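The block underneath contains the structure these notes are about, expressed in structure tokens.
Numbering (my numbering), first residue to last: 27 to 419.
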């Protein structure tokens, strides 16, 4: 079996796509294409001249079925929302298929490179055909393993900002996107809270997506939150609305965590303004929209003192102009995960101009955390889990 069918399929895909070159359509098309092309490339590496056509056809359709199961099964468990259920079965399926899904993607990307190399130099390196095939599988396996290991830890990022109207140093831990659920629970949360306390934080801000599954709404998480030695504040993210929202809010209330819903709280000389998850305005498109609230309408209704520092917290880094006009000195957000895994790390900037780190917008500091946890594939590749310790002088 040669590479010709695989490359003909790629050409057909490009021609079929035409002018509709949106990231969504390209990604969906590439995923579909990968299921059909990858088996051809793998069989080309491991088959020999003595392999019968019947055997190769059997192998092709066997691999095709497996790949469709991985890609389709993972898409189903995420899109259907079954991952939010308090079910060990769905938790195992969600995490296992997530890692296999990334293995599939990385194998496809690697196969395009190794297959291309062999297509061009085959007559010179024919004896290395099978080693190239092995490499096509080993490299993705290493990448997924490394990404999984990296996702089990987090880094502490220290940031210092000076404001002209600050009465003294204020330190807080900015912790969005913990995603307590099937991938992390009370033990991970306890470590994060201890890191914040050890760093000398005056308070903790959970800036959305603290939960992503009902499995995390348990007594152990309640006890950890209740035992924190410093004040805790919380704003809703989009994921809390995909699960048992009221139960999640009740748990936080019981633990003494203050829920900020378009309100301001004065703490240690600063004004912390917390918004629930909302769109920037009525013109903006947000695929994660969960309500009919808008920043351009909500912010003007919140009374603040412009003579004191204003820290605005919203889960998603949108509505930059509205935050600036509101008078925010620092705007903190999360949501993007910094792309979380390659190749999404290269694409996230297309949707969010500010998607990680510290940025400046007309004198306002825009701080976007990569998030303290993960969603989807239990991996970090090209990004990191982080908690931000922010000092305002």
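Every residue, glycine too, gets a C-beta built ideally from N, C-alpha and C.
Quick caveat: nothing in here was measured; it's all calculated off a predicted structure.
Express the C-alpha separation of residue 350 and residue 390 in angstroms, rounding to a whole number. 6 angstroms
Using 8 angstroms as the Cβ pair cut-off and three pairs as the minimum, do the stretch 359–369 and the stretch 403–410 touch? yes
Sorted by chain position, which residues of the same chain lie with C-beta nearer than 7 angstroms to residue 163's C-beta, five sequence neighbours on each side aside? 133
Quick check on DSSP: helix, strand or coil for residue 39? At residue 39 the pLDDT is 42, less than 50, meaning the model places this residue with poor confidence; the figure from the coordinates comes in the next sentence. Helix at residue 39.
Give me, in chain order, the residues of the same chain whose beta-carbon lies closer than 6 angstroms to that of residue 183; leave out the 5 immediate sequence neighbours on both sides. 412 and 414
Going by the C-beta, is residue 235 closer than 7 angstroms to any heavy atom of the ligand ADP? Looking at this structure, you won't find the ligand ADP or any other ligand, since it has none at all.
Should residue 112 and residue 241 be called a contact, given that it needs their Cβ atoms to be closer than 8 angstroms? yes
Length at least 4, wholly inside the stretch 135–176: the alpha helix (DSSP H) runs in chain order: 155–176
Does residue 332 pass the burial test, meaning 16 or more other C-beta atoms within 10 Å, or should it be called exposed? exposed
Let me know the secondary structure DSSP gives residue 279 once reduced to three states. helix
Residue 291 versus residue 168 - alpha carbon distance: 47 angstroms
Leaving out five residues on either side along the sequence, give the residues of the same chain with a beta carbon under 6 angstroms from the beta carbon of residue 246. 212
For a test of the three-state rule: what should DSSP assign to residue 406, helix, strand or coil? coil
Please state the DSSP three-state secondary structure of residue 390. strand
Closest to residue 363 by C-alpha separation, out of 323, 75, 180 and 70, would be which residue? 180
Check each candidate in 394, 79 and 210 and name the one with the smallest Cα separation from residue 177. 210
Starting from residue 297, follow the beta strand (DSSP E) in both directions and report where the run begins and ends. 296–300
Drop a sphere of 10 angstroms on the beta-carbon of residue 403, count the other beta-carbons inside from all chains shown, and report buried for 16 or more, exposed for fewer. buried
Looking only at its own chain, which residues have a Cβ that is under 6 angstroms from the Cβ of residue 392, when we skip the five neighbours before and after it? 357, 380 and 385
Grouping DSSP H, G and I as helix and E and B as strand, with all else coil, what is residue 284? strand
Can you tell me which of 67, 128 and 238 puts its alpha carbon nearest to the alpha carbon of residue 107? 238
In the DSSP assignment, the alpha helix (DSSP H) including residue 249 goes from what residue to what residue? 245–252
For residue 105, does the three-state DSSP call read helix, strand or coil? helix
Please name the residue, chosen from 135, 334, 165 and 215, that lies closest to residue 191 on a Cα-to-Cα basis. 334
Using DSSP with H/G/I as helix, E/B as strand and the rest coil, what is residue 191? coil
Need the endpoints of the alpha helix (DSSP H) that residue 339 sits in, please. Taken as a continuous stretch (DSSP letters only), residue 339 belongs to no alpha helix (DSSP H), being part of the beta strand (DSSP E) at 336–339.
Extent of the continuous alpha helix (DSSP H) run through residue 180: Residue 180 -> no alpha helix (DSSP H), and no H or E assigned at all.
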